Each structure stands twice: as structure tokens, then as C-alpha cells.
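What follows is one structure encoded as C-alpha cells, with my remarks underneath.
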Amino acid sequence: MENENQLIRQRKEKLQKIRELGINPYPPRCKFTHYTDEIKKHSQKIIEQNTEVSIAGRIRSLRNMGRASFAHIEDKYGKIQIYVREDKVGKDNYKLYKQLDLGDIIYVNGNVFRTKTGELTIVANKIELLTKTIRPIPVVKEKETETGEKLRYDVFADVELRYRKRYLDLLLNKDVCNVFQKRALIIKKIREFLDTNGFCEVETPILQPVYGGANARPFITHHNTLDIDLYLRIAVELYLKRLIIGGMDRVYELAKTFRNEGMDRLHNPEFTLLELYQAYGDYNDMMDLLEDLLIFLVKEVSGNNVIKIGAKEITFKKPFYRLSMIDLIKEHTDFDPSDFDRDQLIKFCKNHNIEYKEYMPTGKLIEQIFAKFVENKLIQPTYVVDFPKDISPLAKTKEDNPLFVERFELFINGEEYGNAFTELNDPIEQRDRLEKQAKLRDLGDVSANVVDEDFLEALEYGMPPTGGLGVGIDRLVMLLTNSTSIKDVILFPQMKPIK
RNA sequence: GGGCCUGUAACUCAGUGGUAGAGUAUCUGCCUUUUAAGCAGAGAGUCGAUGGUUCAAAUCCAUCCAGGCUCACCA
């Protein structure tokens, strides 16, 4: 683009001028004494003692007035104003300063004072260039109102550009930075919580010869030396269960996981899944654990047990609601699916514009009715318990009703945040269930589970009764940072390539 | 995939058939406590792309590309 060339050309010319001054525009290192927040925090002492300070950061505003200039320098903690006078820094240094642009990264050394209007300012003794930028950086201006409120002008808001050039987004939109710092905090606290509860963090294969543990289509790749296709994992369940069989009683993995399916506000092809397994536990233990974990996380992030989403307030306190899927459907539809009467269910689905396919298990119809009529009504944290067996091939059958399994999903604000069950450990029943899944696949269900012979063999060596839990970390971060799109909590979300 | 909306300068946007605009940014000049610094001047565009209608298209039509919201599907 001609125009961009103009702006870049001008900056390259400045680069040349700087080199002609005998200055390296990309020096290898820099030592500074203070971050901006330290200067602000200890300003009184620094001013009283006339302490010399030095900072490093990016030029975010420039106000040049002949032989003196003001600018704002930003580091990771915020901005501070600098005041550069030709008579103070000397002619040569001021010449360098005149060649600087918005976005350049500089070192400033000087003393601190307050201007007429009271702004804390470093009056420079010396400026050093640390990195010259040659591409113009979008300009966002800020003004503080009388009430202390910050008005922002020309905000860098193009959503596509923000995702594609995340470095600019982080630079120009401070709250974006906060979201990812919170994400880091949440993950750190999850580890802390699980570690103190006796869980061991493990790493299992991302490249798997057989994929399993969830209903989803995988990405396929190829290993050249072995000359075999491998799948990017869609879950870590079957590997973690092998570890339970091996005697690692409590394990978890924060697993980057890949599903080759649709993308939207809630789905990115790669996402982070927490899975954990606890030997000698069941799904009730998982409910207790998940409650404790979430209450802990909400406290760490928001300071109390309440999250605000728009006008809604969500309160986290023990115990969460625990309601069965069937009871919830009855409550919200006046329809009772508890007898699994397939004809009645098909009729209900057709009447209510719910997709029906011949191969769908009866439980799938029930789940779809639940999804349509109940899910978005569940605002406060609610465990939906007891799922149909035919859509839960890895969960243990309920002792008092063979149509259902010991499984729950957690719903908050109408969306799912966790999925857990008492794990099926009967190797013969497990084989039977996976083979039924394989039949579904033959009938056209592309997301059905595949039979994992190695896993079935492992189960035959005996897995203790076990509770297992999966939590979508990206969505949890969305919830705790009040983000509406998964793209806002993933630094580099998947985008279509630019043609 | 369906519906609605958006795409114009580096950034934020105006412009609904008749010579491509504004503010910011950039460049030049003046300016040593400014702060969305100011004043004066200048440069900067494949109007998302391609085709069509028209004497004339940023504007109307078609197709495509990219994005957002939403519904459906999918965990």
C-alpha cells in the first residue's frame, strides 16, 4: 500500500538519521532501576530525596514544543510522563529524541517532579533508544475527566485485527492484558487446589493411534517413520484411566485438546480441558470437589462468591442445586420421558422442531429435549444428574435403574461447565458399550466413540471404582472474566487464513 | 448452513448516482510545565474483490472474500 509505504519510509529515514548520529537503534540490552508503578507508589520519597530513576518502555504519546517535549512512556505496569528539555539532555541527545516516533521503545533516566497540573513526571537527564519501530502503531488517545473517568478516543476495536494481531491488542487495550493475566491466575490456582488435594499432574499423548473419551470428530495427522495415521486427542480420559489402573490414585491433566468441529462463540478447534480422576470416588465426590474448586476460584478472582454477568448475579455456595435431567424436563415441558417410550419421544421432537435421526439412541432424544427446554433456564450453579445410559458409554449404570448412569453436568448461566461420572470399570460391559458406539458410527453418527482395544485390555486388569471429571477451562475463564466469546480468552484463536 | 448487520487513509468514522471527506497519526514551520497540547501549511486512498447496469458507481444489482450478532448443528 502506497500510504503505508510512506509512513514506513519516513520511519526508515529516521532510522538512517539515527545511525548517522552514531547510535545503534537496536542495542542488545538495557538496565533500568524502576517500573512505572514503583515510581508512582513511592513518588513522595523519590521526589523528596531527589532520587535518580530510570525506566524502559514504549512511547505512547508525544507532545513536542520546540526545545522541550513531553511524552508518555508505558511499561507493563502503566504509563508515566517524561519531560525532555534540550538544555538538560544536551543538543545531541535532543537530536536523537526528535527522531523518535510513537511506539519506539526507549530508556529514560532522570529525576521526578510534578508539573503545574500535578502530573508525576520524569525530567530526563538522558534518553536512549532501545528499539526503533518502523511500522506505525495505531493511536489511541485518552483523556481523564473531572470525575477521574478515562475517556478513550479512536479505540483499536476492529475485532478481526485484534485477534489476528494480538500483540497490538495487548498493547492498545489494557483490559485484554488483564483477561490473560486472570487466565494465568486461574490455571495456577487450579493446580494449587488439586495439588494440595493429593492429585498428581500428568502429561499424556497428544498424538494418539486411537482417539477416545468423548463424542467428537478428530484431526488426523501422519507419522512418516511409522507410516501410520495418528489422531490429535479429543480427550485424555482413556489415558488417565490407564494411570488409575496403574495405581496413580489421583491424577489430572490440563490438556490442550483438539476437536474437528464447528467454530463459534463457544468453540475453538483447540481448547484446554481439565480432566481429573479419583480412585475410590464416585460422581458425588466429583460434585463436592467441583463445588470446592469453583468456590475457591471465584474467591481468588473476584474476592467473594459472586459473579456478575450483565444484570445477573451468580452466587457460588455449597451445595449447588442437584436436579435430575428427567425431573427438569418434566418441570419445564409437562412431558415425562422417564419410561423411554421411543414413539412418544419421536413425536415430541417432531412437534417441537428437534432434530431426529433413525440411528439416534433414545437417550439422545431426551438430551436434546433437555438442551432445548431446560439448559438456558439454569442460571445459578446447578448439577444436572443422572443421564441416559445410551449416550454415556463410559459411565457406570445406576444401581436402581439400568436406563441411567451416574453422571452429571454442571450448568451455570445456561451453559455447561463440567461433565463427570462414576467411571464404568466392568471390562465386559465396557466392551459391549463401545461396540454399540461402533454400530452407531456405522449408522452415520460421525461423533460416536471408537473401540480402543488397548484400553479395554487395560480395564481387564482391574480399575478401582473411580470418579472422573472434565471442565472446559476456556469457558471457565470466560465466566470468570465476563467474556462473551472464547476468542477473548484464547491469545491466538483460530482464524481463517488471509487469501 | 439460515437470517440480520459491517467492510472508505495507519486508527476511529462521515459520505445513498455527479471532481473521494473529517478528526487523530505522519511531514514542514513556530513554540521550554504540555497533556485528546496549540497555531499555520502539506502529503497520504485499488472506497474488501470481481463482474454487471449507467453518460457517470464508494453509492444500484449479482457473485465472491473477510468479520460481527443470532438461530441451527456440534461438546
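This note's numbering numbers the first residue of the first sequence as 2 and each following residue consecutively. Just so it is clear, CB atoms sit at the ideal spot from N, CA and C, and this is done for glycine as well. This one's a predicted model, so the numbers in the text were calculated from it and none came from an experiment.
**Q.** S484, buried or exposed, once every other Cβ within 10 Å from all chains shown has been counted against 16
**A.** Result: buried.
Contacting residues, own chain, Cβ-Cβ under 6 Å from S55 (five flanking each side not counted) | Excluding sequence positions up to five before and after S55, its CB lies within less than 6 Å of the CB of F33, T34, N110, all in the same chain and listed in chain order.
Determine the burial state of Q45: buried for a count of at least 16 other Cβ atoms within 10 Å of its Cβ, exposed for fewer. Exposed, because fewer than 16 other Cβ atoms sit within 10 Å of the Cβ of Q45.
My output table needs one value for L290: the three-state DSSP class, helix, strand or coil.
Under the three-state reduction of DSSP, L290 is assigned to helix.
Would you say the region 177-185 touches the region 488-498, given that touching needs at least three Cβ pairs under 8 Å? At 8 Å Cβ cutoff, the stretches touch.
Determine the closest residue to L470 out of L162, V447, F409, with distance taken between C-alpha atoms. Nearest option by C-alpha distance: F409.
- [ ] For F336, I'd like the list of residues in its chain whose CB is within less than 6 Å of its CB, leaving aside the five on either flank, ordered along the chain.
- [x] For F336, where only same-chain residues beyond five positions count, the Cβ hits under 6 Å are F349.
Terminal residues of the beta strand (DSSP E) in which S501 lies = This structure gives no information on residue 501, because the portion of the chain shown stretches from 2 to 500.
Checklist entry - Considering only C-alpha positions, which residue in the set T132, N112, K133 is nearest to I123? => result Cα-wise, what sits closest to I123 is N112.
Name the one or two DSSP bridge partners that S62 has.
-> Under DSSP, S62 takes part in a beta bridge, and its partners are H73.
Which class does S44 belong to by DSSP, given the choice of helix, strand or coil? Residue state, collapsed to three classes: helix.
Under 7 Å between C-beta atoms of F297 and D475
No.
Quiz item: N285 and P219 look like a contact to me (Cβ under 8 Å); what is the Cβ gap, rounded to whole Å?
Solution: No, N285 and P219 are not in contact; Cβ-Cβ is about 32 Å, not under 8 Å.
*Measuring CA to CA, which of F321, E436, E75, I19 is closest to K174?*
For the record, residue 174 in the displayed sequence is Asn; it is not Lys. Looking at F321, E436, E75, I19, the one whose alpha-carbon comes closest to that of N174 is E75.
Measure the Cβ-Cβ separation of I207 and R243 and say whether it is below 7 Å.
In this structure, I207 keeps its C-beta atom at 7 Å or more from the C-beta atom of R243.
For this session: Whole angstroms is fine: what's the gap from L231's alpha carbon to N450's?
Result: Each residue's Cα considered, the two are about 16 Å apart.
* Validate contact between the region 85-95 and the region 55-72 using beta carbons, cut 8 Å, 3 pairs -> By the Cβ criterion, the region 85-95 is in contact with the region 55-72, since at least three pairs of Cβ atoms, one from each stretch, lie closer than 8 Å.
Problem set entry | Cβ-Cβ distance between V375 and K390 below 7 Å | Their beta carbons are not under 7 Å apart, which means V375 does not touch K390 by this criterion.
_Q438 to D38 span [Cα, whole Å]_ = So the two alpha carbons sit approximately 58 Å from each other.
Query raised in the report: Under the three-state reduction of DSSP, which class applies to R408: helix, strand or coil?
Result: R408 sits in a strand when the DSSP states are folded into three classes.
Return helix, strand or coil for N4, following the three-state DSSP convention. Note that N4 has pLDDT 48, beneath the 50 cutoff, so the model's placement of it is unreliable and the number below is only indicative. For N4, the three-state secondary structure derived from DSSP is helix.
### Query
Could you check where the alpha helix (DSSP H) with L366 kicks off and where it finishes?
Note, L366: alpha helix (DSSP H), 363-374.
Task: L290 versus K319: straight-line alpha-carbon distance, rounded - done: C-alpha separation (whole angstroms): 11 Å.
query = For the candidate residues E49, D283, T118, whose alpha-carbon lies nearest to that of E400?
reply = Measuring from the Cα of E400, the nearest candidate turns out to be D283.
Contact set for L343: own chain, Cβ-Cβ below 8 Å, skip 5 residues either direction: In the sequence as presented, Leu is not what sits at residue 343; that position holds Arg. In chain order, T363, L366 place their CB closer than 8 Å to the CB of R343, counting only its own chain and leaving out the 5 sequence neighbours on each side.
Return the first residue and the last residue of the alpha helix (DSSP H) that L160 is part of.
Note that residue 160 is Val in the sequence shown, not Leu. According to the DSSP assignment, V160 belongs to the alpha helix (DSSP H) that extends over 160-165.
### Query
Of the choices N25, Q11, P26, S486, whose alpha-carbon is the least far from that of M508?
One cannot answer for residue 508 here, as it falls past the ends of the chain, which runs 2 to 500.
Checklist entry - Taking A217 as the reference, which of I106, L152, N377, F259 has the closest Cα? => result Sorting I106, L152, N377, F259 by C-alpha distance to the C-alpha of A217 places F259 at the top.
Looking at I245 and M464, is the spacing between their C-beta atoms short of 7 Å?
Their beta carbons are under 7 Å apart, which means M464 touches I245 by this criterion.
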